[in-house]
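Here the structure is laid out as structure tokens; the discussion comes afterwards.
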Amino acid sequence: MPRATATERLARRLIAELGAIAGDRPMQWVMLDDVMRALGATWEEAEEAADFATAQGWSEHRMHSLLLREPDRNVLNSKRRP
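Basically the numbering used here = 1-based index in the sequence shown + 30.
The following block contains the structure:
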């Protein structure tokens with residue numbers, strides 16, 4: 031399996047933080063700004079990571095919000111989609 035890119039690593043951290051903020055409850059919307067600040071990422075980095083996570087089916091990204099689709103522990107243990 032290829033090494034994770036910086037975006038993938040940040041996306042996995044983003045999902046972990048999203049889970050922490052959402053109380054690890056799926057289907058909870060959280061502001062991207064809250065997650066971004068907790069990660070110490072720029073807006074652009076956070077959006078790129080959010081888009082990656084959405085492409086993997088881990089979350090949904092709409093405007094300034096993120097939706098956790100399943101408990102973050104499931105995402106963190108999953109393999110990346112090709």
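Built from N, CA and C at the ideal position, the CB exists for glycine as well.
**Item:** Extent of the continuous beta strand (DSSP E) run through W73
**Value:** Here W73 belongs to no beta strand (DSSP E); instead the alpha helix (DSSP H) covers 73-85.
**Prompt:** Using a C-beta cutoff of 8 Å, does T84 count as contacting chain B?
**Reply:** Going by chain labels, chain B is absent from the structure shown, which holds only one protein chain.
**Message:** DSSP has H91 in a bridge; who is on the other side?
**Reply:** In the DSSP output, where bridge partners are listed per residue, H91 has L96.
**Request:** Classify M61 as helix, strand or coil using the three-state DSSP reduction.
**Result:** Strand at M61.
**Coarse secondary structure for R55, derived from DSSP in three states** = In the structure shown, R55 sits in coil (DSSP, three-state: anything other than H, G, I, E or B).
**Request:** State the Cα-Cα distance for the pair W59 and A79, rounded to the nearest angstrom.
**Result:** If you take the alpha carbons of W59 and A79, they lie about 16 Å apart.
**Prompt:** Looking only at C-alpha atoms, which of L44, P56, R39 sits nearest to A68?
**Reply:** Put simply, of L44, P56, R39 the residue whose alpha carbon is nearest the alpha carbon of A68 is L44.
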